[in-house]
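Numbering (this note's numbering), first residue to last: 455 to 585. Ideal Cβ positions, reconstructed from N, Cα and C, are used throughout, including at glycine.
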């Protein structure tokens with residue numbers, strides 16, 4: 455039986471946090487058939503829109519791994535913190551890394567055992583594949 459894991463996803467504005475969440479939900483089985491129908495009925499085609507729609511509808515934002523059900527939840531102590539860096543940032547992510555360091559040292563970010571730094575916007579494909 456899979457265990458529950460909780461993660462938080464943070465980063466600078468525009469770094470792609472919602473895109474990451476939506477893509478993980480879409481690719482890793484976090485959306486049921488009824489949710490997929492709701493997305494289609496609402497014309498939602500981009501990964502970032504999936505995450506925003508689910509949050510607005512108070513749907514649990516989750517996805518599956520081989521050993522865990524992973525829930526994105528800002529209110530719980532996370533098992534992992536994912537920090538998203540925008541690869542297109544003019545300063546090559548320096549201000550983002552400084553912001554992360556500041557959040558950790560001041561205690562504003564709950565620091566779990568696992569910290570994952572993701573570099574986003576490497577190739578620009580942010581839409582759901584066409585059927």
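- Item | beta strand (DSSP E) segments (min. 3 residues) lying fully within the region 478 to 536 | Complete beta strand (DSSP E) runs here, min 3: 516 to 518, 522 to 526.
- Task: State the start and end residues of the unbroken alpha helix (DSSP H) segment that holds residue 638.
- Result: The chain is shown only over 455 to 585; residue 638 falls outside these bounds and no answer can be derived.
- Message: Taking a contact to mean a Cβ-Cβ separation below 9 Å, would you say residue 459 touches residue 563 in this structure?
- Response: The sequence position of residue 459 within the chain shown is 5, counting from 1. The sequence position of residue 563 within the chain shown is 109, counting from 1. No, they are not a contact pair.
- Distance CB(residue 539)-CB(residue 465) smaller than 9 Å: The count along the chain shown starts at 1 and reaches residue 539 at position 85. The count along the chain shown starts at 1 and reaches residue 465 at position 11. Taking a C-beta distance under 9 Å as the contact criterion, residue 539 and residue 465 qualify as a contact pair.
- Query: With a CB to CB cut of under 6 Å and the five nearest residues on each side skipped, what residues in its chain are close to residue 478?
  - Reply: To locate residue 478, count along the chain shown from 1; it is residue 24. The residues are 517.
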